[in-house]
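The structure appears below as structure tokens.
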Amino acid sequence: ACLACDYLPPALAAIDYWDHTVRYNLLSSLATAITARARFPSAATLSDWDHDDLCEYESFREAHLSSTIAELARHDTALLLRNAVEGLHPSTIQSIQWQHREALLFTSSCTMEV
């Protein structure tokens, strides 16, 4: 699914009037999807990348994902921060891969512009 699209802001504006539970479930699903998309690939894939590949992926994240994440945060400011706090909690941090931890930090940092 294309998450960084021109139709996202109007679509998210429409859900502001939905039932709270339905709205929260949709925003949570979008947050999960965008966090997964922000993850760096596996170590095996990264080992095949050169400097240009890495820069291209970082550029993609900054150019496309960060604005989408900020748009989600405008509709639930704490959602991505809560996800990061839960995922980076000392009791769970060792059980998740570094790519997921980094993606949680990236998504939460993108909410700071809101």
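If you use my numbering, the sequence shown corresponds to residues -1 to 112, in order.
No residue lacks a Cβ here, since even glycine has one placed at the ideal position from N, Cα and C.
Around the beta carbon of Ile91, fewer than 16 other beta carbons lie within 10 angstroms, which makes this residue exposed. Residue Arg37 holds the alpha-carbon nearest to the alpha-carbon of Thr105 among Thr19, Arg37, Ser27. With respect to the 9 Å criterion, Ala71 and Val20 are not classified as neighbours on the basis of their beta carbons. The beta carbon of Leu103 lies closer than 8 Å to those of Ala82, Leu86 in the same chain, with the five residues before and after it left out. Assigned with DSSP and collapsed to three states, Phe38 falls in coil, not helix or strand. Listed in chain order, the non-local C-beta contacts of Leu44 below 7 Å within the same chain comprise Phe38, local neighbours out to five positions each way being set aside. Counting only runs of 4+ residues, the alpha helix (DSSP H) found wholly inside the stretch 4 to 38 occupies 6 to 13, 18 to 36, in chain order. One alpha carbon belongs to Leu79, the other to Ala42, and they sit about 29 Å apart.
Annotation: the continuous alpha helix (DSSP H) that includes Glu69 extends over 64 to 73. The C-beta of Cys53 has fewer than 16 other C-beta atoms within 10 Å across all chains shown, which makes the residue exposed. DSSP places Trp96 in the uninterrupted alpha helix (DSSP H) bounded by 96 to 108. Inter-residue distance for Tyr15 and Asn23 is about 14 Å (C-alpha atoms, whole angstroms).
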